[in-house]
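Peer 1: So for the sequence shown, this note's numbering puts the first residue at 17; every next one is plus one.
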Amino acid sequence: DMVRIMRGQKLPLERFHEKFAVQLNDTHPAIAVAELMRLLIDEHHLDWEGAWAITVATFGYTNHTLLPEALETWPLSIFGDSLPRHLEIICEINDRFLDEVRAKFPGDEARVERMSLIGEGHGKCVRMAHLATVGSHAINGVAALHSTLLKASVLKDFYEMWPERFGNVTNGVTPRRFLALSNPGLRRLLDESIGDGWLTDLGQLRRLETFVDDPDFRRRWREVKRANKSRLAEYVHSATGIELDPSWMFDIQVKRIHEYKRQHLNALHIITLYNRLKQNPGLAIAPRAFIFGGKAAPGYFMAKRMIRLITAVGATVNNDPDTNRFMRVVFLPNFNVQNAHLIYPAANLSEQISTAGKEASGTGNMKFMINGALTIGTLDGANVEIREEAGPDNFFLFGLTVEEVDRLKADGYRPADFIERDPELAEALESIVSGTFTHGDTDVLRPLVDNLIHHDPFLVLADYRAYIDCQAKVSAAWQHPDTWSHMSILNTARSGKFSSDRSIANYCDDIWDVSAMPVEL
Numbered sequence: 017d018m019v020r021i022m023r024g025q026k027l028p029l030e031r032f033h034e035k036f037a038v039q040l041n042d043t044h045p046a047i048a049v050a051e052l053m054r055l056l057i058d059e060h061h062l063d064w065e066g067a068w069a070i071t072v073a074t075f076g077y078t079n080h081t082l083l084p085e086a087l088e089t090w091p092l093s094i095f096g097d098s099l100p101r102h103l104e105i106i107c108e109i110n111d112r113f114l115d116e117v118r119a120k121f122p123g124d125e126a127r128v129e130r131m132s133l134i135g136e137g138h139g140k141c142v143r144m145a146h147l148a149t150v151g152s153h154a155i156n157g158v159a160a161l162h163s164t165l166l167k168a169s170v171l172k173d174f175y176e177m178w179p180e181r182f183g184n185v186t187n188g189v190t191p192r193r194f195l196a197l198s199n200p201g202l203r204r205l206l207d208e209s210i211g212d213g214w215l216t217d218l219g220q221l222r223r224l225e226t227f228v229d230d231p232d233f234r235r236r237w238r239e240v241k242r243a244n245k246s247r248l249a250e251y252v253h254s255a256t257g258i259e260l261d262p263s264w265m266f267d268i269q270v271k272r273i274h275e276y277k278r279q280h281l282n283a284l285h286i287i288t289l290y291n292r293l294k295q296n297p298g299l300a301i302a303p304r305a306f307i308f309g310g311k312a313a314p315g316y317f318m319a320k321r322m323i324r325l326i327t328a329v330g331a332t333v334n335n336d337p338d339t340n341r342f343m344r345v346v347f348l349p350n351f352n353v354q355n356a357h358l359i360y361p362a363a364n365l366s367e368q369i370s371t372a373g374k375e376a377s378g379t380g381n382m383k384f385m386i387n388g389a390l391t392i393g394t395l396d397g398a399n400v401e402i403r404e405e406a407g408p409d410n411f412f413l414f415g416l417t418v419e420e421v422d423r424l425k426a427d428g429y430r431p432a433d434f435i436e437r438d439p440e441l442a443e444a445l446e447s448i449v450s451g452t453f454t455h456g457d458t459d460v461l462r463p464l465v466d467n468l469i470h471h472d473p474f475l476v477l478a479d480y481r482a483y484i485d486c487q488a489k490v491s492a493a494w495q496h497p498d499t500w501s502h503m504s505i506l507n508t509a510r511s512g513k514f515s516s517d518r519s520i521a522n523y524c525d526d527i528w529d530v531s532a533m534p535v536e537l
């Protein structure tokens, strides 16, 4: 369609990259590199060198993950059967590219093999991330930490080849949808307090800092949050039958179910509180509603077991009079944008607890922040920048850093060591495998526990104690409404960096070379 527009305007295709910028959103559309080459060479008869210069100048590539299983590869047989001409073009791109690699790094055939667009491992395949990288003039990650790790790991060889192509564009979210539309009560309070300019300039939220110690403003802030929690509680009751008290802390983790996002670490905290309450009936804890939402890939066995764990623990906790006075657990079905409009504005605590170095950025963490939730999280993805913006005193930090994760794994991580040193952790795991939450069934959740005890690839057990101790600090802060409101207001006030407007402006300035066009209405 872009080529058609160029031809219709009688513009030479040599100027294609001056008129169009194409951003590859992860590896899924990477075939576009070969398709543009096919159009320019086969359909419009440009020579290879000219077509390739146009292609590279047109494309940018945004990488969204460091997880190797998410970097697409396609077996050569399938690719060749479906798209034989595209495969021919990719092989030609590869031959010419590898000549460049050999010229820059003579004698380094191991590097040539690593960088090839064609993988030779378990059967030949097309490496789509390599195609996207070679075919783009700009490559970026989606958070400062992610972009640094991208250059040091997944695309290290390519960074050493073309350091000038690499940059960072931290993700953003739209305040129109995720604050103004989904949180009308807060929108009214903001408009009355600082005007409505924040809608298109989220940095203006900084002006809220002048109200942070105003008792009347803090009271109104809490009233808005309470109304949002009542709204979500009504939805939860209609969807699940579970009743929630809006005066309780709403502790929320909504995101794709995955071991690296560590919903099972959250569940271990709930189990630990459950065990404490059962062993000490006189114990009182700050009441919390633990709310989960998210979907697991259909074939992801361990993620399905994580959902099973959460729902089983919830059924036990919610029906036990010793615990349901202080705790309720909800797994919301069918998490989507529609019910997210109810969830983000109602959160008091945002769970961003992935293993350091595994989350590219996250955007849910930003949606929670702009709605005044406090974050408990690791130094992972955009959490690093959220903490920098909010201030360390307004963020609940725990867990190993990227460097500590790497060091622990290099030294030979033994999950059993952490179990032996921590009786509460051992007890929580034993509660799961003994059938406490599964009506005596000792098998259904055993694969999940066995995986943690013998492998624990995402260091859940290594971070368990730090997480439990940090959650105690959360509970202590919740007991002081003015302190919590102070922290909550500052999180919203300092969320301006995480607007999609800033993110898109970064792409325009640094990658697409697009200038603003005034629009007269």
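Cβ atoms here follow ideal geometry from the backbone N, Cα and C, with glycine treated the same way.
What span of residues does the alpha helix (DSSP H) with P15 cover, start to end?
Peer 2: Coverage of the chain is limited to positions 17 through 537, which leaves residue 15 absent and any answer about it impossible.
Peer 1: Are the Cβ atoms of V142 and K383 separated by less than 7 Å?
Peer 2: Not a contact, by the Cβ cut-off of 7 Å.
Peer 1: Which same chain residues end up closer than 6 Å to G157 when comparing Cβ atoms and leaving out the 5 residues on each side of it in sequence?
Peer 2: Cβ neighbours of G157 beyond the five flanking positions: N79, S163, L166 and N184.
Peer 1: Going by alpha carbons, who is nearest to L365 out of H253, F308, A432 and F342?
Peer 2: When each option's Cα is compared against that of L365, the closest is F308.
Peer 1: For the alpha helix (DSSP H) containing D479, list its first residue and its last residue.
Peer 2: Here the alpha helix (DSSP H) through D479 covers V476 to W494.
Peer 1: Can you tell me which of the three DSSP states N334 falls into?
Peer 2: In the structure shown, N334 sits in a helix (DSSP, three-state: H, G or I).
Peer 1: Could you tell me the distance, in whole angstroms, from the CA atom of Q295 to the CA atom of D217?
Peer 2: Computed Cα separation, rounded: 52 Å.
Peer 1: Exposed or buried, G456, counting other C-beta atoms within 10 Å across all chains shown (16 or more means buried)?
Peer 2: Exposed is the call here.
Peer 1: How many angstroms separate the CA atom of L206 from the CA atom of D212?
Peer 2: If you take the alpha carbons of L206 and D212, they lie about 7 Å apart.
Peer 1: Just the Cα atoms here: how many angstroms apart are Y77 and P497?
Peer 2: Taking the straight line joining both Cα atoms gives about 45 Å.
Peer 1: So within the region 266-303, which uninterrupted alpha helix (DSSP H) runs reach at least 4 residues, ignoring any that extend past its ends?
Peer 2: Here the runs fully enclosed are 279-295.
Peer 1: For my contact list, V465 and I448 are in at a C-beta cut-off of 8 Å; report their separation, rounded to the angstrom.
Peer 2: Going by Cβ atoms, the distance from V465 to I448 rounds to 5 Å, so yes, they are a contact pair.
Peer 1: State yes or no: is the C-beta of A363 within less than 7 Å of the C-beta of I268?
Peer 2: Yes.
Peer 1: Can the beta-carbon of A46 be found closer than 7 Å to that of A148?
Peer 2: The answer is yes: Cβ separation under 7 Å.
Peer 1: If we call anything under 7 Å between Cβ atoms a contact, is K13 one with E405?
Peer 2: The shown model of the chain, from 17 to 537, leaves out residue 13, and the question about it has no answer.
Peer 1: Using a Cβ-Cβ cut-off of 6 Å (strictly less than) and excluding sequence neighbours within five positions of A145, which residues of its own chain qualify?
Peer 2: So the qualifying residues of the chain are T43 and L87.
Peer 1: Can you give me the Cβ contacts of V150 inside the same chain, cut-off strictly under 6 Å, excluding the 5 residues immediately before and after it?
Peer 2: Here the set comprises F113.
Peer 1: Going by Cα to Cα distance, which pick from A356, N282 and N291 is closest to N244?
Peer 2: Minimum Cα distance to N244 is reached at A356.
Peer 1: Is the region 381-400 touching the region 424-434 in the sense that three or more CB pairs, one from each, lie closer than 8 Å?
Peer 2: At 8 Å Cβ cutoff, the stretches do not touch.
Peer 1: Can we say the region 500-508 touches the region 225-235, given the rule of at least three CB pairs closer than 8 Å?
Peer 2: Cβ pair count under 8 Å is three or more, so yes.
Peer 1: With burial defined as no fewer than 16 other Cβ atoms inside 10 Å of the residue's Cβ, what is the status of E239: buried or exposed?
Peer 2: Classification of E239: exposed, given that the 10 Å Cβ count is below 16.
Peer 1: Quick check: what's the CA-CA separation for D58 versus A67?
Peer 2: Spanning the two alpha carbons is a distance of roughly 10 Å.
Peer 1: Going by DSSP, which residues form a beta bridge with Q368?
Peer 2: Note: Q368 sits in a beta bridge opposite G393.
Peer 1: Flag this pair as yes or no: are the beta carbons of L284 and R292 separated by less than 7 Å?
Peer 2: Contact flag unset, no.
Peer 1: According to DSSP, is I210 helix, strand or coil?
Peer 2: Three-state result, I210: helix.
Peer 1: Quick check: L260 and A305, are their CB atoms within less than 7 Å of each other?
Peer 2: Their beta carbons are under 7 Å apart, which means L260 touches A305 by this criterion.
Peer 1: Using the DSSP secondary-structure output, state which residues sit across from Y429 in a beta bridge.
Peer 2: According to DSSP, Y429 bridges with nothing at all.
Peer 1: Which one of Y480, S98 and L413 has the shortest CA to CA distance from F434?
Peer 2: When each option's Cα is compared against that of F434, the closest is Y480.
Peer 1: Checking 7 Å against the spacing of the C-beta atoms, do V333 and M343 come in under that value?
Peer 2: Yes, they are a contact pair.
Peer 1: Please name the residue, chosen from T89, L248 and A509, that lies closest to A219 on a Cα-to-Cα basis.
Peer 2: Per the sequence presented here, residue 219 reads as Gly, with Ala not at that position. Nearest option by C-alpha distance: A509.
Peer 1: Are G310 and F266 touching if we call contact CB-CB under 7 Å?
Peer 2: Contact: no.
Peer 1: State buried or exposed for P179, treating a residue as buried only when at least 16 other CB atoms are found within 10 Å of its CB.
Peer 2: Per the 10 Å Cβ criterion, exposed.
Peer 1: Under the DSSP definition of a beta bridge, which residues are partnered with F306?
Peer 2: Looking at the DSSP assignment, F306 forms a beta bridge with D267 and V345.
Peer 1: Assuming V460 contacts T452 (C-beta within less than 8 Å), just tell me the rounded distance between them.
Peer 2: Rounded, the Cβ-Cβ distance is 12 Å, inconsistent with contact.
Peer 1: Thinking C-beta only, is M53 closer than 7 Å to I134?
Peer 2: For I134 and M53, no; Cβs fall outside 7 Å.
Peer 1: Following the continuous alpha helix (DSSP H) through V400, name the residue where it begins and the one where it ends.
Peer 2: Note, V400: alpha helix (DSSP H), N399 to A406.
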